[in-house]
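Input: a single structure, listed below in structure tokens.
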Amino acid sequence: MPTLPSSIWSIPVEYIKGVGPQRAELLKKELQIFTGRDLLMLFPYRYYDRSEITPVARLTADQEYAQVKGILTQIHEVESNRWSSSRLVAELHDDTGFVQLIWFNGWQWVKKGLQIGKTYLAFGRLSFFNGIPQIVHPELNDPHAMQASWAFEPVYPSTEKLKSRGLNSRGIARIMAAFWEKISEKDIPENLPQAIRDKYQLMDRGQAFRAIHFPASWQQAEAARRRLKFEELFLAQVRIAILRNRHHHESKGWIFQQVGDLFNSLYARLPFSLTEAQKRVIREIRRDTLSGHQMNRLLQGDVGSGKTIVALLAMLLAVDNGFQACLMAPTEILAQQHFSHICALLDGLPVTPALLTGSIKGQARKHILEGIANGTINLLIGTHALIEDTVQFARLGLAVIDEQHRFGVAQRAALWEKSEIPPHVLVMTATPIPRTLAMTVYGDLDVSVIDMLPPGRKKIITVHRTNDKRHQVMDFVKSQLRQGRQAYIVYPLIEESEKLDYENLMRGYEEVKAYFPEPEFRISMVHGQQPTDVRNTNMQRFVQGITHIMVATTVIEVGVHVPNASIMVIESAEKFGLSQLHQLRGRVGRGEHESYCILLTAPEIGKEAMERIRVMTQTDNGFLIAEKDMQLRGPGDIEGTRQSGMMEFKLADVVRDADMLMQAREAAIRLVEQDPLLMQPENRCLLQALQAEKTKNNWSKIS
Ligand code: ADP
Ligand code: MG
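Using our numbering, you'd call the opening residue of the sequence shown number 8 and step up by one each time.
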């Protein structure tokens, strides 16, 4: 690989003018800036437009910063009192009015430098007090002495420690400016092929770096930012496209040649017809399993969209072709539910299902392990127990993983380390992930979506009630129970205050018992601190309809299916995240009965919590909710994405820049199709950029 002009671009940061060893230490520690390149990658997060001077009369409250030019007309001191410390107040007048300039700290010193009758440029954060515009601790300048090149002053992130060494935003800007005197735009290697730059009208990388730090206009700053965002998104998408491309071409996979008797028998005996979305996913799976390459597919579908049946048909496809198939669920309860549901559906068909979980021990376990090893068991359902070393499949053709976000990528991989040709993998998730995020986080998987619910589902009536209406809510629940329905009452469980939550739950339980006395009503309680077998028994009693109410923490969030349960009461609903609320709501509305979700909150709740509640009462579309969740919390917080390491963009934001992400993705896929190894001369710069990044990442992991 030709080395880059071993240039100023990679100069150690201590050699940059104005830095020196001590500041360099801090820059490394506080901002991970080691080289000139890193320094240039510290992007301003905003600019002050110092070319703009606002007439006082035009200042508005929604303007965060302002620059005013005027004559200093008076200065007075205000003594400290009970509410406020002493301060210096000055007035700056222009033709349209005046602003107050205020200093609280060090004002004795400021006062000495001020001259009544002189013209100043005052710049700073604007506020209004009794209708009078004020700038506290303004920066005062002589209008004739302003630096022209700093018309747009970049604002950089800094830290307390850096500030104490003179590296506040402006200090950093000064170093940056000094660095730009030594370096030219040509020192910055281009990493986007010309064709891409032309097509998307992106400026050169060197130009972009200069313009993002010291733009000449808003347009230029915007264009620079756009170019650098595109670069981030595009590079990430190229990396993913290469991985996927390699997987599609180089991986080996079993071929499921025929659609056989099992598949057809189940299909024929289904009590409903599949939705178009379910059929489409089955066709996609069928195509993958004929390709000779390993399937690596993510199946997304909202709660209740019917993923299980799709998975089961895929598993039968494997069995029809002489393979074993397994289904791995995140909890024992879910594994049991899947197992009994699947056994019922397959009753009488020539297939041998088995259940393997942690609580199956001794002889029974030994027996199952033998059946798996000699191939007599061809459909295995279980928990993580399935990936233990003792489980040796005779011929595993397909592994289905339910509720993927509870499993790590490593666990996924553990499944296919078991044979030379890896099994096909289908990962199912009911946490709808916004499309843009799925593209970034699960970029290595092909994605299928079940984007419609089976017909005839009734809308779940969702309402918000405050705690003072609790009696009415409980009376309503009682009337439903008397009609033969069952209800969930859910309490929050937040890990940091587990003990407190547990006490809340217990208090809630006592309260529920008082509202719903025995013997008319029976209650199950399920929470995370119970031993598994107790939890399972309580759960089973509810599933079988022996108990009427299930008091629970969020352990019931995932997958449980009780069609007769028609009411979900969520206590302290303001403490739950949106996707959690949506998952919980998905536990009802599973049978023919009208269903209700009641969100109980304190009378006064925060703005964001209120927004979550509003979204819940207005939509039941899981994808809309996921998008909203991402907007409210930011993409980094969506469950399962936190450790992915894919979200670390400096500039791009997968929510706001969704359109650009789509463009970058299309461009990346097209480019990798045409030049899978990036060997063409015009793509060489891209290859180098990806390699450089890899070295840098490896290096930072080691250090
Ligand atoms: P999820 O996607 O949440 O795992 P399930 O697979 O548990 O959903 O399906 C929920 C319910 O919908 C089940 O009772 C299932 O039998 C039923 N179901 C699945 N597909 C259809 C369909 N096409 N028409 C009607 N009911 C269906
Ligand atoms: Mg499910």
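All C-beta atoms in this analysis are idealised placements derived from N, C-alpha and C, irrespective of residue type, glycine included. If you're wondering where the values come from, they're calculated on a predicted model, not measured in any experiment.
Asked                                                                                                             : Found
Inter-stretch contact at 8 Å, needing at least 3 Cβ pairs: the stretch 178 to 186 / the stretch 159 to 167        : yes
Span of the alpha helix (DSSP H), counted from its first residue to its last, around Q587                         : L585 to R592
Any non-hydrogen atom of the ligand ADP closer than 7 Å to P337 Cβ                                                : no
Buried versus exposed, by CB contacts within 10 Å (16 or more), G389                                              : buried
Alpha carbon of V407 to alpha carbon of Q344, nearest angstrom                                                    : 15 Å
T397 classed as buried or exposed, judged by whether at least 16 other C-beta atoms fall within 10 angstroms      : exposed
Cβ separation of M557 and S531, assumed to be a contact under 8 Å, to the nearest whole Å                         : 5 Å
Test item: CB-CB of Y495 and V550 under 8 Å                                                                       : no
Buried or exposed by the 16-neighbour rule on C-beta atoms within 10 Å, applied to V541                           : exposed
Where F241 falls, given that 16 or more other Cβ within 10 Å makes a residue buried                               : buried
G613, buried or exposed, once every other Cβ within 10 Å from all chains shown has been counted against 16        : exposed
Local Cβ density within 10 Å of N88, reported as buried at 16 or more and exposed below that                      : exposed
Residue burial classification, E527 (beta-carbon count within 10 angstroms, cutoff 16)                            : exposed
Length at least 3, wholly inside the stretch 519 to 579: the beta strand (DSSP E) runs in chain order             : 530 to 533, 556 to 559 and 572 to 577
Range covered by the alpha helix (DSSP H) that runs through K168                                                  : E167 to S171
Cβ-Cβ distance between G308 and A437 below 8 Å                                                                    : yes
Cutoff 8 Å; reference G213; Cβ partners in own chain excluding five residues on either side                       : S191, E192, K193, D194, I195 and E197
Pick from A665, W116 and R621 that is closest to R94, judged by C-alpha positions                                 : W116
Pick from Q208, G515 and A243 that is closest to Q698, judged by C-alpha positions                                : A243
Cβ separation of K189 and I15, assumed to be a contact under 8 Å, to the nearest whole Å                          : 6 Å
Heavy atom of the ligand MG within 7 Å of A437 beta-carbon                                                        : yes
Selected residue, minimal CA-CA separation from H100, among I139, Q29 and S92                                     : I139
Nonlocal neighbours in the same chain, by C-beta distance under 6 Å from M546, ignoring five residues either side : I340 and V533
As assigned by DSSP and simplified to three states, the class of V432                                             : strand
CA-to-CA distance, E581 to M617, given in whole angstroms                                                         : 7 Å
Near the ligand MG: K314 beta-carbon under 7 Å from a heavy atom                                                  : yes
Proximity test, V434 beta-carbon vs the ligand ADP heavy atom, cut-off 7 Å                                        : no
Selected residue, minimal CA-CA separation from E599, among D475, M669, K465 and L352                             : K465
Closest by C-alpha distance to I123, when choosing among D682, T80 and W90                                        : T80
Collapsed DSSP secondary structure at F753 in the structure displayed                                             : Missing from the structure shown is residue 753; the chain here goes from 8 to 710 and no further.
beta-carbon G378 near the ligand GDP non-hydrogen atom, thresh 7 Å                                                : Here the bound small molecules are the ligand ADP and the ligand MG; the ligand GDP is not part of this structure.
Beta carbon of R53 nearer than 8 Å to that of Q74                                                                 : no
First through last residue of the alpha helix (DSSP H) which encompasses N381                                     : G369 to N381
Sheet register partners of C333 (DSSP bridge)                                                                     : L387 and A406
D409 CB to nearest heavy atom of the ligand MG below 7 Å                                                          : yes
Exposed unless 16 or more other CB atoms sit within 10 angstroms - verdict on D508                                : buried
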